[in-house]
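As they're listed, the protein sequences go chains A and B.
For what it's worth, the numbering used here labels the leading residue of the first sequence as 1, then goes sequentially.
For what it's worth, the numbering used here labels the leading residue of the second sequence as 1001, then goes sequentially.
Ideal placement from N, C-alpha and C gives every residue a C-beta, glycine not left out.
Number of protein chains: 2
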Amino acid sequence: MDNEIRFAERLHCAMESTGSVVCVGLDPVVEKLPGRVKERLGETVGAVDEFCHGVINAVAGRVAAVKFQSACFERLGTIGLEVMHARMAHAASVGLAVILDAKRGDIALTAGHYAAAAKQSGAHAVTLSGYMGVEVAEPFLKLGLGVFLLVRTSNPEGDRIQRAKLEDGRTVAQMMADETARLGAGWISSRGLSDVGAVVGATQASEAAELRARMKDQVFLIPGYGAQGGTKDDIRVMLRPAIKNGERAGTSGVLVTSSRAIIYAYEDPTWRGENAGRHWTEAVTHAAVKMTEELREVVG
Amino acid sequence: MDNEIRFAERLHCAMESTGSVVCVGLDPVVEKLPGRVKERLGETVGAVDEFCHGVINAVAGRVAAVKFQSACFERLGTIGLEVMHARMAHAASVGLAVILDAKRGDIALTAGHYAAAAKQSGAHAVTLSGYMGVEVAEPFLKLGLGVFLLVRTSNPEGDRIQRAKLEDGRTVAQMMADETARLGAGWISSRGLSDVGAVVGATQASEAAELRARMKDQVFLIPGYGAQGGTKDDIRVMLRPAIKNGERAGTSGVLVTSSRAIIYAYEDPTWRGENAGRHWTEAVTHAAVKMTEELREVVG
């Protein structure tokens, strides 16, 4: 690892300085982009670049992190990946923690190559699948990157695998939580948080408290808030026990992701009705600030 | 799905025409490339391109498939991916089945983007992680791509997850096998094989027969042969029951991968001792043919 700030520290700083536990998901799909962006640029990759540029500037200083959905850029070909790398550098330069949502996961030697690629891309952290063993994360950690291991996802198809019961009484997701905590214990930052985080869906709140009990030092990257049905109460049960009375964003251990409800906020009929003529990025800022404020009721 | 040949059919043809169940893994790492390739080109990406070009031509017509390790190309940046795409097209044009080893796996909407990216890349099939549910494969199948779901991997770190016992007596890997077979039943080709295959490591032969009993119509993509300790006997227990007496490569249901032992065959001291001055690609051809012949004792 070089002398760069570690991920858990970086995220802590971003959360404290913005007072936000929000992570904005960048999942751009060209059909959904604002008309003005599409028309002005006249070509897909340029439109996606312009759109991400607008979203990043609209949320900088107001949320802690952005999460780039690799698939949305990969499908645009290598030029799409170049846009993603440029926007990652841009996001980092305006103080956002940058997460690459690529759900990689392979044996040590191959993981080393993925880690090198992620480091070069400019990401501060990546999402990973631990099915081949949570040790797939080690090459990333050794390069100073944070990781978020898939523990419990919010899609219903995940239930058949993740809720399966082991003979020792744990579910598969609980076993993955224990594995994540085991690996993460070796990567605790001075703030008490681990560089090894976990993906835990907001729509599985009944299970989330149990997972928190197993992963006390992990940052939970929580998809599914808002558009996918997750609520403030779902987030509350995922807070770290130490801060249950909720002072500080930076040590809360939750990083709550929203994509569509923020990046496509200009499509919201209410917004459009009341704000005709305002720039689309204002809707994005408004939605990001509103989500941060909602979550301040949970994390003060 | 368009009118292109389906993956299971394509693989069957490639196996029958070459009489080989071998898949050559392209995991190029610049430090390992032949001196002449490195020197002549003087730069990393060009050397990797030249190397893959040489390997593909050396094994065309002699093995059924090639598997591109996405990580090795991703770490070279977007130009590395362009090289991979060009070499995939090259491999397909010389009759090889082309597998993209990327171990993706995400919820339906995102999986759709990954599937579009894989289709554009020129791959015929991809490796996937089913931790979020085996349904992550559906968008790929709908585009006519084959998939290989991770069931049992050959790395020791995978044991803690994959060998965990469920309360119903199955291991996690056996559960994933049942899920794979369930999904695959909807995607059977006219040859009786499914477009949904499974990754099953060759070093877990004791478990492999049990997995075969659960996945009768799946092609097993088998890493770990040779360099990683897998043997002919390990492969024998993975044959489909229908062909246990072993007539035909195309219906055997096994696709045995080797990377280092073939692509870096010129490093073998025995080869070097006996073949000083011969071109490095001759060593690659020799190793691919030798592996095919060894496996003919298992699959006639």
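Given that residue i touches chain A, what residues does it touch there, using C-beta distances under 7 Å?
| i | result |
| --- | --- |
| B/G1077 | Q120 |
| B/D1106 | A71, K103 |
| B/T1110 | Q69, A71 |
Going by alpha carbons, who is nearest to residue i out of the options?
| i | options | result |
| --- | --- | --- |
| B/S1121 | B/R1087, B/V1254, B/M1215 | B/R1087 |
| B/S1189 | B/E1179, B/R1170, B/D1217 | B/D1217 |
| B/V1067 | B/V1147, B/E1031, B/T1251, B/L1295 | Strictly speaking, residue 1067 of chain B in this sequence is Lys, with Val absent from that position. Among B/V1147, B/E1031, B/T1251, B/L1295, the Cα nearest to that of B/K1067 belongs to B/V1147. |
| A/V289 | A/V63, A/V37, A/R36 | A/V63 |
| B/I1222 | B/R1191, B/Q1228, B/R1212, B/V1254 | B/V1254 |
| A/G197 | A/A209, A/L149, A/D178 | A/L149 |
| B/A1102 | A/I263, A/E74, A/V299, A/E138 | A/E74 |
| A/T257 | A/I99, A/A92, A/G80 | A/I99 |
| A/E210 | A/Q174, A/S17, A/A249 | A/Q174 |
| B/E1004 | B/L1128, B/T1127, B/K1142 | B/K1142 |
| A/N155 | A/D106, A/L76, A/A202 | A/A202 |
| B/C1052 | B/H1012, B/V1024, B/L1145 | B/V1024 |
| B/T1110 | B/V1136, B/V1200, B/V1022 | B/V1136 |
| B/V1045 | B/G1061, B/E1157, B/T1180, B/L1081 | B/L1081 |
| B/G1054 | B/V1299, B/G1300, B/Y1266 | B/Y1266 |
| A/H85 | B/A1092, B/H1085, B/G1077 | B/G1077 |
Using a Cβ-Cβ distance under 9 Å, would residue i count as near chain B?
| i | result |
| --- | --- |
| A/I161 | yes |
| A/K290 | no |
| A/T257 | no |
| A/Y266 | no |
| A/E4 | no |
| A/H113 | yes |
| A/T203 | no |
Drop a sphere of 10 angstroms on the beta-carbon of residue i, count the other beta-carbons inside from all chains shown, and report buried for 16 or more, exposed for fewer.
| i | result |
| --- | --- |
| B/R1214 | buried |
| B/P1241 | exposed |
| B/K1165 | exposed |
| B/P1269 | exposed |
| B/D1233 | exposed |
| B/E1293 | exposed |
| B/K1119 | buried |
| B/G1229 | exposed |
| B/S1070 | buried |
| B/R1212 | buried |
| A/R278 | exposed |
| B/R1272 | exposed |
| B/A1185 | exposed |
| B/A1227 | exposed |
| A/D195 | buried |
| B/D1049 | buried |
| A/R10 | buried |
| B/E1274 | exposed |
| B/D1168 | exposed |
| B/D1002 | Bear in mind that a pLDDT of 48 at B/D1002, under 50, signals an unreliable position, so the number given afterwards is only what the model happens to contain. Exposed is the call here. |
Check the C-beta distance from residue i over to residue j and give it rounded, since I have them as a contact under 8 Å.
| i | j | result |
| --- | --- | --- |
| A/V94 | A/I56 | 6 Å |
| A/F7 | A/H124 | 5 Å |
| B/Y1264 | B/K1032 | 5 Å |
| B/Y1131 | A/Y131 | 5 Å |
| A/V298 | A/R236 | 5 Å |
| B/V1126 | B/R1160 | B/V1126 to B/R1160, Cβ: 26 Å. No contact. |
| B/M1238 | B/I1262 | Their Cβ separation, rounded to whole angstroms, is 20 Å, which puts B/M1238 and B/I1262 out of contact at 8 Å. |
Can you confirm whether residue i, when its beta carbon is compared against all beta carbons of chain E, has any partner nearer than 9 Å?
| i | result |
| --- | --- |
| A/D233 | As a matter of chain content, chain E is missing from the structure shown, whose protein chains are A and B. |
Can you pull the chain B neighbours of residue i, defined as C-beta to C-beta under 8 Å?
| i | result |
| --- | --- |
| A/V196 | Ordered by position in chain B, no residue passes the 8 Å Cβ test against A/V196, which lies about 15 Å from the chain. |
| A/E179 | R1160, I1161 |
So which residues on chain A does residue i lean against when the C-beta distance must stay under 8 Å?
| i | result |
| --- | --- |
| B/N1275 | Correct list: empty, because the minimum Cβ distance to chain A is about 28 Å. |
| B/E1157 | I107, A108, M132, G133, V134, E135, V136 |
Quick one: which chain B residues come within Cβ less than 9 Å of residue i?
| i | result |
| --- | --- |
| A/M175 | R1160, I1161, A1164, V1172 |
| A/L150 | G1105, S1129, Y1131, M1132 |
| A/A116 | A1071, E1074, R1075 |
| A/T270 | Under the 9 Å cutoff, chain B gives no residues; its nearest Cβ is about 24 Å from A/T270. |
At a Cβ threshold of 9 Å, is residue i touching chain A?
| i | result |
| --- | --- |
| B/D1027 | yes |
| B/L1081 | yes |
| B/V1136 | yes |
| B/T1285 | no |
| B/T1018 | no |
| B/D1168 | yes |
| B/H1279 | no |
| B/T1251 | no |
| B/H1085 | yes |
Anything in chain A within Cβ reach of residue i, meaning under 9 Å, just list it in chain order.
| i | result |
| --- | --- |
| B/T1044 | None at all; the shortest Cβ gap to chain A is about 12 Å. |
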